[in-house]
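Worksheet: the structure to be examined is printed underneath.
Numbering (my numbering), first residue to last: 512 to 626.
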């Protein structure tokens with residue numbers, strides 16, 4: 512695999528599997544390219560909520576807007592330039608705020624194979 516660069520304009524967003532909210536994911540690198548991780552962007556509409564079990568180690572970098580992640584009775588809120596790490600095996604509630612959010616993510620292994 513060679514060195515690659517991506518930006519949000521490269522993303523082809525699809526609704527996150529198993530939910531109806533205004534939340535979309537766009538994998539840019541995953542098992543199809545032969546790498547060990549998945550890299551992509553997430554887009555959250557305003558005031559959206561996603562409750563999910565984390566089935567892979569997941570790193571979310573907030574690029575625009577704000578998101579809050581609740582787990583085990585604790586809520587962490589992140590804005591542009593901040594990172595939230597969600598370890599495999601945790602249950603989380605992810606909430607976007609009034610302006611929605613654009614995030615980037617890295618997962619290990621590939622989240623689409625672990626579902």
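Just so it is clear, CB atoms sit at the ideal spot from N, CA and C, and this is done for glycine as well.
Here the structure is a predicted model, which means the values were calculated and not measured.
Query	Result
Residue from 525, 532, 599 with nearest C-alpha to residue 568	599
DSSP bridge partner residues for residue 526 (one or two, in chain order)	535
Option in 623, 593, 551 with minimal Cα separation from residue 517	551
Supposed contact pair residue 566 and residue 614 - C-beta distance, whole angstroms, cut 8 Å	Rounded, the Cβ-Cβ distance is 18 Å, inconsistent with contact.
Buried versus exposed call for residue 594 [16 or more other C-beta atoms within 10 Å across all chains shown]	exposed
Inter-stretch contact at 8 Å, needing at least 3 Cβ pairs: the segment 536 to 545 / the segment 615 to 624	yes
Whole-angstrom C-beta distance between residue 532 and residue 577, which should lie under 8 Å	Actually they are not in contact, since the Cβ atoms of residue 577 and residue 532 sit about 16 Å apart, beyond 8 Å.
Inter-residue spacing [alpha-carbon to alpha-carbon] between residue 523 and residue 529	18 Å
Short Cβ contact (8 Å threshold) for residue 579 with residue 554	no
8 Å Cβ cutoff met for residue 564 and residue 618	no
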